[in-house]
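Counting from 4, one number per residue, gives the positions in the sequence shown under the working numbering.
In what follows, a single structure is set out as C-alpha coordinates and then discussed.
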Amino acid sequence: MWHAPLVQTRRLTASLAAGLVALTAAGCRTSPNVAAYVGEEQITVAELRSAVDDRLADPAVAEAVGGPGSAYTRQVLTLLVREEVYAAAAREYGVEVTDREVAAYVEQALAGQDAEALYAQAAGEGYSREDVRESARQQLLRRELGAATGEVPPVDEAALRARYEEVRGQLERLRLGYFVVPDQATADAELAALTADPASYPAVAARFPGQNSLPQLEETAAGEVSGPLAEGIAAAPAGTGFTLTVPQVVGVVVVFVAERVTPPFEEVRPQLESEAGQGVEEAGAGVVDEFRGDLRLTVNPRYGSLEDDVVQEADGGVVDLLDDDAAATTGG
4 MWHAPLVQTR RLTASLAAGL VALTAAGCRT SPNVAAYVGE EQITVAELRS
54 AVDDRLADPA VAEAVGGPGS AYTRQVLTLL VREEVYAAAA REYGVEVTDR
104 EVAAYVEQAL AGQDAEALYA QAAGEGYSRE DVRESARQQL LRRELGAATG
154 EVPPVDEAAL RARYEEVRGQ LERLRLGYFV VPDQATADAE LAALTADPAS
204 YPAVAARFPG QNSLPQLEET AAGEVSGPLA EGIAAAPAGT GFTLTVPQVV
254 GVVVVFVAER VTPPFEEVRP QLESEAGQGV EEAGAGVVDE FRGDLRLTVN
304 PRYGSLEDDV VQEADGGVVD LLDDDAAATT GG
(Lines of atoms letter the chains of each structure in order from A and count residues from 1; the text may use other names and numbers.)
(Lines give C-alpha, C1' and ligand atoms only; values in the text may rest on other atoms or scores of the structure.)
Protein backbone atom coordinates (compact mmCIF):
# COMPACT_ATOMS: atom_id res chain seq x y z
CA MET A 1 0.00 0.00 0.00
CA TRP A 2 2.24 2.75 1.27
CA HIS A 3 5.22 3.04 -1.01
CA ALA A 4 7.27 5.48 1.00
CA PRO A 5 10.16 3.75 2.83
CA LEU A 6 9.76 4.11 6.66
CA VAL A 7 12.70 4.04 9.10
CA GLN A 8 12.26 0.34 10.48
CA THR A 9 14.13 -1.43 13.19
CA ARG A 10 16.40 -3.07 10.67
CA ARG A 11 17.12 0.23 9.07
CA LEU A 12 18.46 1.70 12.30
CA THR A 13 20.70 -1.26 13.04
CA ALA A 14 21.79 -1.49 9.41
CA SER A 15 22.83 2.14 9.50
CA LEU A 16 24.91 1.32 12.55
CA ALA A 17 26.64 -1.51 10.79
CA ALA A 18 27.21 0.25 7.49
CA GLY A 19 27.02 3.97 8.02
CA LEU A 20 28.10 4.98 11.50
CA VAL A 21 31.65 5.83 10.47
CA ALA A 22 33.03 8.47 8.13
CA LEU A 23 36.49 9.96 8.53
CA THR A 24 39.22 11.57 6.41
CA ALA A 25 42.89 11.33 7.21
CA ALA A 26 44.95 14.49 7.37
CA GLY A 27 48.07 15.73 9.12
CA CYS A 28 50.54 13.77 11.24
CA ARG A 29 49.68 14.61 14.85
CA THR A 30 50.71 11.59 16.94
CA SER A 31 50.67 12.45 20.66
CA PRO A 32 50.72 9.13 22.52
CA ASN A 33 47.91 10.30 24.80
CA VAL A 34 45.57 11.15 21.92
CA ALA A 35 43.73 8.45 19.98
CA ALA A 36 42.47 10.80 17.28
CA TYR A 37 42.28 14.46 16.35
CA VAL A 38 39.10 15.86 14.78
CA GLY A 39 39.77 19.42 13.76
CA GLU A 40 40.68 21.19 16.97
CA GLU A 41 39.10 18.52 19.13
CA GLN A 42 40.83 15.48 20.59
CA ILE A 43 39.69 11.99 21.49
CA THR A 44 42.09 10.95 24.21
CA VAL A 45 43.33 7.45 24.84
CA ALA A 46 41.56 7.52 28.21
CA GLU A 47 38.27 8.50 26.55
CA LEU A 48 38.62 5.73 24.01
CA ARG A 49 39.40 3.14 26.67
CA SER A 50 36.43 4.27 28.74
CA ALA A 51 34.14 4.08 25.68
CA VAL A 52 35.29 0.54 24.96
CA ASP A 53 34.84 -0.53 28.58
CA ASP A 54 31.37 1.00 28.77
CA ARG A 55 30.20 -1.00 25.76
CA LEU A 56 31.81 -4.24 26.92
CA ALA A 57 29.98 -3.90 30.24
CA ASP A 58 26.96 -5.19 28.33
CA PRO A 59 27.40 -9.00 28.25
CA ALA A 60 25.64 -9.23 24.89
CA VAL A 61 28.09 -6.78 23.33
CA ALA A 62 31.07 -8.51 24.93
CA GLU A 63 29.92 -11.88 23.60
CA ALA A 64 29.29 -10.49 20.12
CA VAL A 65 32.76 -8.98 19.73
CA GLY A 66 34.67 -11.62 21.66
CA GLY A 67 35.75 -9.29 24.45
CA PRO A 68 38.37 -6.54 24.34
CA GLY A 69 40.68 -6.46 21.36
CA SER A 70 42.23 -4.19 18.79
CA ALA A 71 39.50 -4.78 16.20
CA TYR A 72 36.74 -3.67 18.57
CA THR A 73 38.82 -0.72 19.73
CA ARG A 74 39.04 0.42 16.10
CA GLN A 75 35.29 0.04 15.73
CA VAL A 76 34.63 2.21 18.79
CA LEU A 77 37.22 4.78 17.76
CA THR A 78 35.53 5.06 14.39
CA LEU A 79 32.22 5.78 16.12
CA LEU A 80 33.77 8.42 18.37
CA VAL A 81 35.39 10.22 15.45
CA ARG A 82 32.13 10.20 13.52
CA GLU A 83 30.32 11.67 16.51
CA GLU A 84 32.86 14.50 16.72
CA VAL A 85 32.55 15.18 12.98
CA TYR A 86 28.78 15.56 13.25
CA ALA A 87 29.06 17.72 16.37
CA ALA A 88 31.51 20.01 14.57
CA ALA A 89 29.26 20.23 11.50
CA ALA A 90 26.26 21.07 13.70
CA ARG A 91 28.19 23.88 15.36
CA GLU A 92 29.40 25.20 12.02
CA TYR A 93 25.89 25.44 10.54
CA GLY A 94 24.07 26.32 13.75
CA VAL A 95 21.75 23.30 13.90
CA GLU A 96 20.75 21.12 16.83
CA VAL A 97 18.87 17.89 17.52
CA THR A 98 17.57 17.45 21.05
CA ASP A 99 17.37 14.24 23.05
CA ARG A 100 13.58 14.50 22.93
CA GLU A 101 13.66 14.66 19.13
CA VAL A 102 15.92 11.61 19.03
CA ALA A 103 13.58 9.64 21.31
CA ALA A 104 10.57 10.59 19.19
CA TYR A 105 12.36 9.60 15.99
CA VAL A 106 13.36 6.19 17.35
CA GLU A 107 9.80 5.57 18.54
CA GLN A 108 8.42 6.52 15.12
CA ALA A 109 10.95 4.32 13.35
CA LEU A 110 10.01 1.35 15.51
CA ALA A 111 6.36 1.76 14.45
CA GLY A 112 5.10 -0.16 17.47
CA GLN A 113 7.83 -2.80 17.44
CA ASP A 114 9.68 -3.71 20.62
CA ALA A 115 12.52 -1.29 21.40
CA GLU A 116 14.32 -3.99 23.36
CA ALA A 117 14.48 -6.11 20.22
CA LEU A 118 16.20 -3.24 18.43
CA TYR A 119 18.77 -2.82 21.20
CA ALA A 120 19.35 -6.58 21.38
CA GLN A 121 19.98 -6.69 17.64
CA ALA A 122 22.40 -3.78 17.92
CA ALA A 123 24.22 -5.45 20.82
CA GLY A 124 24.61 -8.55 18.67
CA GLU A 125 26.57 -6.40 16.25
CA GLY A 126 28.71 -4.83 18.98
CA TYR A 127 26.79 -1.57 19.41
CA SER A 128 25.39 -0.06 22.58
CA ARG A 129 22.05 1.57 23.20
CA GLU A 130 23.77 4.93 23.01
CA ASP A 131 25.22 3.97 19.63
CA VAL A 132 21.66 3.37 18.39
CA ARG A 133 20.53 6.75 19.67
CA GLU A 134 23.58 8.49 18.24
CA SER A 135 22.90 6.91 14.86
CA ALA A 136 19.36 8.32 15.02
CA ARG A 137 20.73 11.72 16.05
CA GLN A 138 23.04 11.76 13.06
CA GLN A 139 20.20 10.88 10.72
CA LEU A 140 18.24 13.83 12.07
CA LEU A 141 21.28 16.10 11.87
CA ARG A 142 21.67 15.23 8.20
CA ARG A 143 18.10 16.40 7.67
CA GLU A 144 18.74 19.61 9.59
CA LEU A 145 21.93 20.26 7.64
CA GLY A 146 20.26 19.58 4.31
CA ALA A 147 17.52 22.08 5.13
CA ALA A 148 19.80 24.67 6.73
CA THR A 149 22.12 24.86 3.71
CA GLY A 150 19.29 25.13 1.20
CA GLU A 151 20.36 21.99 -0.64
CA VAL A 152 16.69 20.97 -1.02
CA PRO A 153 13.42 22.89 -0.66
CA PRO A 154 11.98 22.87 2.88
CA VAL A 155 9.28 20.34 3.66
CA ASP A 156 6.28 22.56 4.35
CA GLU A 157 2.58 21.94 4.94
CA ALA A 158 1.63 22.56 1.32
CA ALA A 159 4.19 20.05 0.03
CA LEU A 160 3.00 17.38 2.46
CA ARG A 161 -0.64 17.88 1.53
CA ALA A 162 0.18 17.77 -2.17
CA ARG A 163 1.97 14.46 -1.64
CA TYR A 164 -1.02 13.16 0.32
CA GLU A 165 -3.35 13.90 -2.59
CA GLU A 166 -0.93 12.17 -4.94
CA VAL A 167 -0.81 8.91 -3.00
CA ARG A 168 -4.19 8.80 -1.26
CA GLY A 169 -5.47 6.18 -3.70
CA GLN A 170 -2.73 3.84 -2.58
CA LEU A 171 -3.47 4.58 1.08
CA GLU A 172 -7.10 3.46 0.81
CA ARG A 173 -8.06 0.32 2.69
CA LEU A 174 -10.88 -2.02 1.71
CA ARG A 175 -13.08 -4.60 3.43
CA LEU A 176 -14.12 -7.09 0.81
CA GLY A 177 -15.10 -10.68 0.21
CA TYR A 178 -15.79 -13.05 -2.66
CA PHE A 179 -17.22 -16.49 -3.26
CA VAL A 180 -18.17 -18.70 -6.22
CA VAL A 181 -21.76 -19.66 -7.09
CA PRO A 182 -23.00 -22.14 -9.73
CA ASP A 183 -24.56 -19.72 -12.24
CA GLN A 184 -25.25 -16.11 -13.17
CA ALA A 185 -28.82 -16.07 -11.83
CA THR A 186 -27.60 -17.16 -8.40
CA ALA A 187 -24.78 -14.63 -8.55
CA ASP A 188 -27.18 -11.77 -9.27
CA ALA A 189 -29.52 -12.82 -6.45
CA GLU A 190 -26.76 -13.16 -3.85
CA LEU A 191 -25.16 -9.87 -4.82
CA ALA A 192 -28.53 -8.13 -4.46
CA ALA A 193 -28.93 -9.67 -1.00
CA LEU A 194 -25.49 -8.41 0.08
CA THR A 195 -26.14 -4.93 -1.26
CA ALA A 196 -29.35 -4.79 0.75
CA ASP A 197 -27.71 -6.17 3.91
CA PRO A 198 -23.86 -6.00 3.94
CA ALA A 199 -23.76 -7.54 7.44
CA SER A 200 -25.16 -10.77 6.00
CA TYR A 201 -21.93 -11.57 4.15
CA PRO A 202 -20.74 -14.38 6.49
CA ALA A 203 -24.09 -16.14 6.26
CA VAL A 204 -24.28 -15.78 2.48
CA ALA A 205 -20.67 -16.89 1.92
CA ALA A 206 -21.19 -19.91 4.19
CA ARG A 207 -23.61 -21.34 1.65
CA PHE A 208 -20.87 -21.42 -1.00
CA PRO A 209 -17.69 -22.73 0.64
CA GLY A 210 -14.62 -23.54 -1.37
CA GLN A 211 -10.98 -22.71 -1.99
CA ASN A 212 -11.98 -19.64 -4.02
CA SER A 213 -14.30 -18.24 -1.35
CA LEU A 214 -13.68 -16.02 1.67
CA PRO A 215 -15.89 -16.95 4.63
CA GLN A 216 -15.47 -13.48 6.17
CA LEU A 217 -14.87 -9.99 4.86
CA GLU A 218 -11.16 -9.25 4.88
CA GLU A 219 -9.28 -5.96 5.07
CA THR A 220 -6.64 -5.15 2.49
CA ALA A 221 -4.88 -2.14 1.01
CA ALA A 222 -6.24 -0.93 -2.29
CA GLY A 223 -2.72 -0.71 -3.69
CA GLU A 224 -2.13 -4.39 -2.93
CA VAL A 225 -5.08 -5.74 -4.91
CA SER A 226 -4.04 -7.54 -8.08
CA GLY A 227 -5.22 -10.34 -10.32
CA PRO A 228 -8.45 -10.76 -12.32
CA LEU A 229 -10.61 -9.06 -9.65
CA ALA A 230 -8.48 -5.91 -9.35
CA GLU A 231 -10.17 -3.78 -12.01
CA GLY A 232 -13.68 -4.44 -10.72
CA ILE A 233 -12.66 -3.88 -7.10
CA ALA A 234 -11.02 -0.57 -8.00
CA ALA A 235 -14.25 0.68 -9.59
CA ALA A 236 -16.80 -0.62 -7.07
CA PRO A 237 -18.17 1.94 -4.58
CA ALA A 238 -18.45 0.92 -0.93
CA GLY A 239 -21.49 -1.25 -0.25
CA THR A 240 -21.63 -2.64 -3.78
CA GLY A 241 -20.10 -5.45 -5.75
CA PHE A 242 -19.96 -7.18 -9.09
CA THR A 243 -19.90 -10.61 -10.68
CA LEU A 244 -17.57 -12.12 -13.25
CA THR A 245 -16.29 -15.38 -14.61
CA VAL A 246 -12.64 -16.29 -14.25
CA PRO A 247 -10.75 -18.80 -16.41
CA GLN A 248 -10.21 -22.13 -14.66
CA VAL A 249 -12.84 -21.30 -12.01
CA VAL A 250 -16.07 -23.24 -12.45
CA GLY A 251 -19.06 -20.98 -11.81
CA VAL A 252 -19.47 -17.24 -11.31
CA VAL A 253 -17.48 -15.18 -8.82
CA VAL A 254 -19.42 -12.77 -6.62
CA VAL A 255 -17.28 -9.92 -5.25
CA PHE A 256 -18.56 -7.57 -2.57
CA VAL A 257 -16.76 -4.38 -1.45
CA ALA A 258 -18.28 -3.58 1.93
CA GLU A 259 -16.16 -0.58 2.89
CA ARG A 260 -13.56 1.80 1.50
CA VAL A 261 -11.61 3.93 3.99
CA THR A 262 -8.85 6.44 3.25
CA PRO A 263 -6.86 7.46 6.34
CA PRO A 264 -6.97 11.22 6.99
CA PHE A 265 -3.97 13.43 6.32
CA GLU A 266 -3.01 13.76 9.99
CA GLU A 267 -2.90 9.99 10.43
CA VAL A 268 -0.36 9.49 7.64
CA ARG A 269 1.50 12.73 8.20
CA PRO A 270 4.43 10.97 9.98
CA GLN A 271 4.95 8.69 6.96
CA LEU A 272 4.77 11.64 4.58
CA GLU A 273 7.29 13.56 6.66
CA SER A 274 9.57 10.52 6.76
CA GLU A 275 9.44 10.15 2.99
CA ALA A 276 10.17 13.84 2.43
CA GLY A 277 12.88 13.79 5.09
CA GLN A 278 14.86 11.17 3.23
CA GLY A 279 15.52 13.55 0.36
CA VAL A 280 16.65 16.22 2.79
CA GLU A 281 18.78 13.64 4.61
CA GLU A 282 20.60 12.69 1.42
CA ALA A 283 21.39 16.35 0.79
CA GLY A 284 22.61 16.68 4.38
CA ALA A 285 24.90 13.68 3.92
CA GLY A 286 26.59 15.57 1.10
CA VAL A 287 27.02 18.57 3.39
CA VAL A 288 28.66 16.36 6.03
CA ASP A 289 30.98 14.78 3.45
CA GLU A 290 32.12 18.18 2.22
CA PHE A 291 32.57 19.50 5.74
CA ARG A 292 34.52 16.41 6.77
CA GLY A 293 36.89 16.91 3.86
CA ASP A 294 37.85 20.32 5.23
CA LEU A 295 38.61 19.01 8.74
CA ARG A 296 42.02 17.89 9.89
CA LEU A 297 41.42 14.30 10.91
CA THR A 298 44.27 12.24 12.29
CA VAL A 299 44.21 8.83 13.95
CA ASN A 300 47.05 7.77 16.21
CA PRO A 301 48.91 5.19 14.10
CA ARG A 302 48.95 2.77 17.02
CA TYR A 303 45.24 2.19 16.40
CA GLY A 304 45.47 1.92 12.64
CA SER A 305 44.84 4.10 9.63
CA LEU A 306 41.85 5.59 7.88
CA GLU A 307 40.68 3.68 4.82
CA ASP A 308 37.30 4.22 3.22
CA ASP A 309 36.35 6.39 6.18
CA VAL A 310 36.88 3.57 8.67
CA VAL A 311 39.72 3.01 11.13
CA GLN A 312 41.45 -0.03 9.70
CA GLU A 313 44.32 -2.13 10.93
CA ALA A 314 47.61 -0.56 9.90
CA ASP A 315 49.49 -2.63 7.34
CA GLY A 316 53.17 -2.79 8.07
CA GLY A 317 55.37 -0.76 10.36
CA VAL A 318 53.06 2.11 11.23
CA VAL A 319 52.87 1.17 14.91
CA ASP A 320 56.64 1.53 15.12
CA LEU A 321 56.15 5.31 14.87
CA LEU A 322 55.37 5.18 18.60
CA ASP A 323 57.99 4.11 21.07
CA ASP A 324 57.55 1.54 23.83
CA ASP A 325 56.50 4.13 26.44
CA ALA A 326 53.78 5.37 24.12
CA ALA A 327 52.61 1.81 23.56
CA ALA A 328 52.27 1.30 27.29
CA THR A 329 50.31 4.55 27.61
CA THR A 330 47.82 3.41 24.96
CA GLY A 331 47.20 0.11 26.66
CA GLY A 332 49.28 -1.98 24.28
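From the three backbone atoms N, C-alpha and C, an ideal C-beta is built for every residue, glycine too.
| Asked | Found |
| --- | --- |
| Is it buried or exposed, Pro201, if we count other Cβ atoms within 10 angstroms and call 16 or more buried? | buried |
| Taking 8 angstroms as the cut-off, decide whether the C-beta atoms of Leu309 and Val41 are in contact. | no |
| Between Tyr75 and Val98, which are expected to be in contact by the criterion C-beta below 8 angstroms, what is the C-beta distance as a whole number of angstroms? | With a Cβ gap of about 31 angstroms, Tyr75 and Val98 do not count as contacting. |
| Which residue's Cα is closest to the Cα of Arg58: Tyr167, Val256, Ala126 and Thr198? | Ala126 |
| If you follow the beta strand (DSSP E) that Glu44 is in, where does it begin and where does it stop? | Glu44 to Thr47 |
| Below 8 angstroms on the Cβ atoms is my guess for Leu163 versus Glu43; work out the distance and round it to an integer in Å. | Contact flag wrong, Cβ pair sits at about 40 angstroms. |
| With a threshold of 8 angstroms on Cβ separation, who are the neighbours of Gly129 within its own chain once the five nearest residues in sequence on each side are excluded? | Arg58, Val64, Ala67, Val68, Tyr75 and Gln78 |
| Check whether the stretch 159-178 and the stretch 210-219 touch, using three or more Cβ-Cβ pairs below 8 angstroms as the test. | no |
| From the DSSP output, in three-state form, read off Arg305 for me. | coil |
| Assign Thr248 to buried or exposed, taking buried as 16 or more other Cβ atoms, counted over all protein chains shown, within 10 Å of its Cβ. | exposed |
| Looking only at its chain, what residues have a beta carbon closer than 8 angstroms to the beta carbon of Leu194, apart from the 5 residues adjacent to it on each side? | Gly244, Phe245, Thr246, Val257 and Phe259 |
| Checking 8 angstroms against the spacing of the C-beta atoms, do Pro1 and Gly254 come in under that value? | Any question about residue 1 goes unanswered here, given that the chain covers just 4 to 335. |
| Considering only the alpha carbon of each residue, which of Glu316, Ala317, Arg295 and Val290 lies closest to Glu147? | Val290 |
| Find the nearest neighbour of Arg385 within the set Ala237, Asp159, Ala165 and Pro62, judged by alpha-carbon distance. | In the structure as shown, the chain begins at 4 and stops at 335. Residue 385 is therefore absent and cannot be evaluated. |
| Tell me whether the beta-carbon of Ala224 lies closer than 8 angstroms to the beta-carbon of Gly180. | no |
| Could you check whether Ala261 and Leu232 sit closer than 8 angstroms to each other, using their CB atoms as the reference points? | no |
| Going straight from the alpha carbon of Gly2 to that of Ala91, what length do you get? | The structure shown does not extend to residue 2, since the chain spans only 4 to 335, so no value can be given for it. |
| In the DSSP assignment, find the alpha helix (DSSP H) that holds Thr81 and state where it starts and stops. | Ser73 to Tyr96 |
| When the Cα of Glu137 is compared with those of Gln124, Glu168 and Thr101, which residue comes out closest? | Thr101 |
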